[in-house]
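The opening residue of the sequence shown carries number 8 in my numbering; numbering runs sequentially from there.
Glycine included, C-beta positions come from ideal geometry on N, C-alpha and C.
Heads up: the structure comes next, in structure tokens.
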Amino acid sequence: MLPEARQREIVEHVTEKGGCSVDELAALMECSKATIRRDLNTLAEKQLIERSHGGAVPATSVGQEQNYRQREVQNLEAKMAIAERSLEEVHDNQVVCFDAGSTTMQIAKGLSANGSLMAVTNSPLQAMELDDTGVEVKLTGGSLRSPTYSLVGPSAERFMERMTFDLLFLGTNAIHPTEGLMTPNEAEANIKSLMIEKSNRVVLVSDHSKFNEQSFISFADFSEIDLLITDGELPSELQDTFESTNVEVASVSAE
Numbered sequence: 008m009l010p011e012a013r014q015r016e017i018v019e020h021v022t023e024k025g026g027c028s029v030d031e032l033a034a035l036m037e038c039s040k041a042t043i044r045r046d047l048n049t050l051a052e053k054q055l056i057e058r059s060h061g062g063a064v065p066a067t068s069v070g071q072e073q074n075y076r077q078r079e080v081q082n083l084e085a086k087m088a089i090a091e092r093s094l095e096e097v098h099d100n101q102v103v104c105f106d107a108g109s110t111t112m113q114i115a116k117g118l119s120a121n122g123s124l125m126a127v128t129n130s131p132l133q134a135m136e137l138d139d140t141g142v143e144v145k146l147t148g149g150s151l152r153s154p155t156y157s158l159v160g161p162s163a164e165r166f167m168e169r170m171t172f173d174l175l176f177l178g179t180n181a182i183h184p185t186e187g188l189m190t191p192n193e194a195e196a197n198i199k200s201l202m203i204e205k206s207n208r209v210v211l212v213s214d215h216s217k218f219n220e221q222s223f224i225s226f227a228d229f230s231e232i233d234l235l236i237t238d239g240e241l242p243s244e245l246q247d248t249f250e251s252t253n254v255e256v257a258s259v260s261a262e
């Protein structure tokens, strides 16, 4: 296994388990303890994990916001599968809005060259990916939030207020049965709400790790979503909620 792939799996495993020992990771990855220690030191320098005595723990505690680099490597196969299905929603001559996020980034990376599309995003990283496809790209102004590499604030909101989108690919930090879609940051919530308001069709893209989670602030009700694209099956309480609000659900396999 290449070091990059091994380190990605280490981050996922440490995050999902809440912490792992060097012995456990060495057995899981089928490599030496010395290799694991070097990997953990590298990942700690990148702030993707934190070193603990004899192992590693997640870099953030419950209730804190993970940075983009952490989220980018988590559940990557699921995000790529979600992105592949999401691209079926894209058609010629559309104006498509891409919310900042690690799952929506995979959609941007998978978009085929198509000069008839216009893409709008509040993510400078996604704007560069989209530009490589040959589509016309518009990037909002605003203040850059380093945890998500997203543009937010009054300038970004004023930009969104003047726009109308055929399609929105929307991300979320949490999907809660009663609180709806949630995020840790109020400025992020404001820009997401505006994106939804200005879009004719809203496609929520989220892997299973967001199910039944809760964050700081709600930015959308389930009734505002047209389609959820995810991996795996919904928990029963979320299944009931999506059915009662007539949200279509498309489940993909990450295998």
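Close CB contacts of residue 132 within its chain, under the 6 Å cut and outside five residues either way in sequence, are with 156 (chain order). Annotation for residue 143: the continuous beta strand (DSSP E) segment containing it runs 143-146. A distance below 8 Å separates the beta carbons of residue 33 and residue 43. With respect to residue 182, residue 218 sits close: the two C-beta atoms are nearer than 8 Å. Rounded to whole angstroms, residue 139 and residue 120 show a C-alpha spacing of 8 Å.
In the DSSP assignment, residue 89 falls within the unbroken alpha helix (DSSP H) covering 83-93. Listed as beta-bridge partners of residue 128 by DSSP are 105, 146. Bridge pairing for residue 152: 157 [DSSP]. In the same chain as residue 20, and ignoring 5 residues on each side of it, the C-beta atoms closer than 8 Å to its own belong to 27, 32, 35, in chain order. Going by C-alpha positions, residue 94 is about 16 Å away from residue 128. With at least 16 other beta carbons inside 10 angstroms of its own, residue 92 counts as buried. For the pair residue 250 and residue 234, the CB atoms are not nearer than the 8 Å cut-off.
According to the DSSP assignment, residue 118 belongs to no beta strand (DSSP E), since it is labelled neither H nor E. Within a 10 Å sphere around the beta-carbon of residue 61 sit fewer than 16 other beta-carbons, which makes this residue exposed. For residue 242, the secondary structure class from DSSP, reduced to helix, strand or coil, is coil. Selection 187, 9, 89 evaluated against residue 230 yields 187 as nearest (Cα-Cα). Taken through DSSP and simplified to helix, strand or coil, residue 8 comes out as coil.
Comparing C-alpha distances from residue 106 to each of 54, 200, 29 shows the shortest one belongs to 200. For residue 190, the enclosing beta strand (DSSP E) covers residues 187-190. For residue 58, the enclosing beta strand (DSSP E) covers residues 56-59.
Taking all protein chains in view, the Cβ of residue 11 is surrounded by fewer than 16 other Cβ atoms within 10 Å, so the residue is classified as exposed.
Beta-bridge partners of residue 227 (DSSP): 188. Of all C-beta pairs linking the region 191-198 to the region 172-179, fewer than three are shorter than 8 Å, placing the two stretches out of contact. Look at residue 206 here: in three-state DSSP terms it is strand.
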